[in-house]
Amino acid sequence: MVPLVLAMLREPSYSIEFDRPASKFTESCPVGNGRLGAMMFGEVHEERIILNESSMWSGRPLDQNRKDASKNRQKIVDLLLKGKNPEAEQLVNQTFTSDGPGSGSGNGKDGPYGCYQVLGELKIKHLGLPEKPIGYARFLELNTGLAVIRTVDTGDHTTFRLLFASHPDQVIAYRLSNWSRPIDCDISVARKERGASSIVAGDLCLDGALNDGLGGNGVVYQARVRAIPQGKGTVAHDGSTLRVRGCDAVVILISAGTNYSGPIAGKHMGAAYKTEIKAILDRAANRTWEDLYQRHADDFESLQSRVSLDLGEEPDVRNTQSRLSIAAAGESDPHLAALLFNFGRYLLISSSREGGLPANLQGLWAEEYQTPWNADYHLNVNVQMNYWLAESTALSECHLPLTSLIESLVEPGKRTAKAYYNAPGWVSHVITNPWGYTAPGEDAGWGSTLSGGGWLCEHLWDHYAYTGDLQYLKRIYPTLKASSDFFRSILVELPDKKWLVTGPSNSPENAFRMKDGRTAHTCLGPTIDMQIMRELLGNTVAAAEKLGIDKAYAKELKATLSKLAPTQISPDGRIQEWLEPYEELEPQHRHVSHLYGLYPASEITLHGTPEVAKAARKSLEVRGDRSTGWSMAWKTCFWARLGDGNRAEKLIRDFLRPVADVNFNYHNGGGVYPNLFCAHPPFQIDGNFGVTAGIAEMLMQSHPEKPGEPPTINVLPALPDSWAKGSYTGLRARGGFEVSTTWVNLKLTKLTIKKLTPGRGKFYLRLPGKERRQVQSLTKGQTFTL
Ligand code: FUC
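Per my numbering: the sequence shown = residues 1237 to 2022.
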């Protein structure tokens, strides 16, 4: 339990600090409870708070499968087998893309694909304040999920504004107080389109309906705002403005929701959303501010405090933007990496809670009506990256909304598998939304990646690998199996090598040049597909064995596994991205898909497959470091897996490059905005999550070093020289273990491994600079210490 006063005594690695109001979204402070989000700008006189709700999605379920696509598949495959990739790509564009507008090239807001969008904007006009405060502080407290603004005027009039989003009480709560002056303010809420505000029984309401993309209304929503004077004072209304006068303090509570009832299962409000929104508001209004805060802080802290990370000396400078500039100028600030790590966990706790929708490309924070790429779920790295940290940093239950997303794709994915491949099982291509979109995208260059669903399945297995939850394994097994069924039945045999490969597919978003100089994306068996398949089929076999079922089926899968095209090393010593050693059109492309097997999967390991790991290293050297935000986050994970802590730390420093302006030109390269949101650019949250996972991988790894082995707990596998001294507690390892360590002068001084989950669990142990130790085993509650 963190009392409010303590929450406001900030620790540098748990506090993002500003000395002025936000002038843009990427300087504001995000709070969230998994479903509701708010961004506090902190202007002194006309304060803006952007409001979000995770189901604010336009569009609607719509089958965009081409009914006769499967007839063309063989023709496309035949062209590919003859090496006519550009012709095959042309045919994919004509016959094998979505039927209809698909994602609208990332501008799907007014089409059936839809887009995630802002709920509305709350404005608080503070009256009677002097023109300029003499003191201003704004910070986001990551321990408890609290945004704070403190202004001081002459005469020691100190104003506090506090904001949090409560998970237990399902409201956004704001409190405004002044030590010595009564509070006067006007409150309004608005939306630029498809919304109108009004007063209902003294509450301020914003109501509207989003476009379903076919000329009708889709999701309908409401935000309901109540101002509650504390001590003396009044709240009246005038038109659709709440007028607060003469209060000692005022609490503003916001309850909001939609009637979303799409295929992603969860605790959705559905048709009765308005009744529920009011009931939530009434219940919260019956609690004192202190009670609301304490319930929120207890909940938030129970997740945030599971892991702690200390990377040595505290910095002198506290302002985050100054720290970013100082670090960019070359001064070491390891604490900044700890802040980034804590922020990544903060963001997942705030944007992904059980029963809700998963974190999208912006988590749940958006000020736009047409968000970039519809702020959807991209399946060729982005939504998966959002969850890379979930298990290893002890936020396993925050992972569950992704399970629900995956399960929502099975039924529509079966229709897509039939329509395009005449295959059993389910497939999902490269993009999806809360409406069950599984068709390919509208352009072959990116849209025909067919391994999106297969990649998602990694998350199903991993949740089990960390928790050992057999009920969960039973639940997800049919989804794994049906994905394996799909892949197995679409395999094409290469006439010369007799390898089995996928197709038509591509290596996410990269193109290649063929011997005759022509270029294409479309191909058979890109390396990533084959790595994903090996992992998926391997996990399906392991799941069947664990559950003691499907023996014959598992045998068949093993037979298929032995014929899949292997990961190849190209003549110049790199991991080959395609079946042939083509020259890539963009050697520094942001996607590093052919290293999927290095991370997040573990087909390529430093000790299990040293030659392939060496080739992976060479691939990374050629790919280069600087890129979009998420690409640098991924490279942090790669270098951690390759045991190169200094290079991983360099990537973190690149990732922390201060970026001031939001623009859409991602060739400018990424970094972070003043509020530490990842600059893709524009803002994309995957990088925040990915870099957090990368930091965890630098500190501890737990993948099996060879297929079928127990996990190897690899302690401090990639410690950079600049993190000479430090400690962490609470990181999670596969097999259900919790790992904590301390190190001094880069030497491990203390290690504790505790088994958290039921039953006996085995692991190998690798300590820095030592040979791997034989298998150890622990039962629930037992610890291993050094
Ligand atoms: C993929 C990436 C882009 C961006 C988009 C949301 O298409 O190649 O960089 O992250 O997803």
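Where a beta carbon is used, it is the ideal one built from N, C-alpha and C, also for glycine. Note that the coordinates shown come from a computational prediction; the quantities given were computed from them, not determined experimentally.
query, result
"Validate contact between the stretch 1359–1367 and the stretch 1710–1726 using beta carbons, cut 8 Å, 3 pairs", "no"
"Residue 2012: first and last residue of the uninterrupted beta strand (DSSP E) it sits in", "2009–2014"
"Which residues DSSP lists as bridging residue 1359, in chain order", "1284 and 1424"
"Within 8 Å, strictly: CB atoms of residue 1748 and residue 1820", "yes"
"Local Cβ density within 10 Å of residue 1662, reported as buried at 16 or more and exposed below that", "buried"
"Beta-carbon proximity check, residue 1486 vs residue 1463, cutoff 8 Å", "yes"
"Cβ contact (3+ pairs, closer than 8 Å) linking the stretch 2000–2007 and the stretch 1945–1957", "yes"
"Residue 1597 CB to nearest heavy atom of the ligand FUC below 7 Å", "yes"
"Of the listed residues 1564, 1674, 1378 and 1597, nearest to residue 1219 (C-alpha basis)", "The structure shown does not extend to residue 1219, since the chain spans only 1237 to 2022, so no value can be given for it."
"Beta carbon of residue 1512 nearer than 8 Å to that of residue 1493", "yes"
"Strand pairing of residue 1934, partner residues [DSSP]", "Bridge partners of residue 1934: none, in fact."
"Cβ pair count under 8 Å reaching 3, the stretch 1922–1939 against the stretch 1625–1634", "yes"
"Proximity test, residue 1495 beta-carbon vs the ligand FUC heavy atom, cut-off 7 Å", "no"
"Proximity test, residue 1745 beta-carbon vs the ligand FUC heavy atom, cut-off 7 Å", "yes"
"Distance CB(residue 1616)-CB(residue 1688) smaller than 8 Å", "yes"
"C-alpha distance - residue 1264 paired with residue 1251, whole-angstrom precision", "13 Å"
"Inter-residue CB distance, residue 1831 and residue 1806 (contact presumed, cutoff 8 Å)", "That pair is no contact at about 13 Å."
"Pairwise C-alpha distance: residue 1823 and residue 1238", "Reliability fails at residue 1238, whose pLDDT of 49 lies under 50, so the model's placement of it is uncertain and no value is given."
"Counted within 10 angstroms of its Cβ, other Cβ atoms place residue 1550 as buried (16 or more) or exposed", "exposed"
"Local conformation of residue 1433 per DSSP, three classes", "strand"
"Between the CA atoms of residue 1967 and residue 1799 - distance to the nearest angstrom", "37 Å"
"Reduced DSSP category for residue 1237 - H, G, I as helix; E, B as strand; rest coil", "Caution applies to residue 1237, whose pLDDT of 41 falls short of 50 and renders its modelled position unreliable; the value that the coordinates give is listed next. Residue 1237: coil per DSSP, three-state reduction."
"Contact test: residue 1862 Cβ vs the ligand FUC heavy atom, cutoff 7 Å", "no"
"Any non-hydrogen atom of the ligand FUC closer than 7 Å to residue 1950 Cβ", "no"
"Alpha-carbon spacing of residue 1422 relative to residue 1597, whole angstroms", "34 Å"
"Sheet register partners of residue 2023 (DSSP bridge)", "The structure shown has nothing for residue 2023, since the chain only spans 1237 to 2022."
"Secondary structure, beta strand (DSSP E): runs of 3+ residues fully inside the stretch 1893–1975", "1948–1951 and 1962–1969"
"Member of 1403, 1623 and 1881 whose CA lies at the smallest distance from the CA of residue 1696", "1623"
"Beta-carbon gap between residue 1384 and residue 1288 smaller than 8 Å", "no"
"Residue 1614 Cβ short of 7 Å to the ligand FUC heavy atom set", "yes"
"Chain-order list of residues whose beta-carbon lies under 7 Å from that of residue 1515 (same chain, five-residue window excluded)", "none"
"Buried/exposed call for residue 1526, threshold 16 Cβ in 10 Å", "exposed"
"Closest Cα partner of residue 1439 within the set 1368, 1839, 1518 and 1859", "1518"
"Cβ neighbours of residue 1475 in the same chain (closer than 6 Å, five flanking residues each side left out)", "none"
"Touching by the beta-carbon criterion (3+ pairs, under 8 Å), the stretch 1651–1668 and the stretch 1719–1728", "yes"
"The stretch 1316–1323 / the stretch 1751–1771 touching (three or more Cβ pairs under 8 Å)", "yes"
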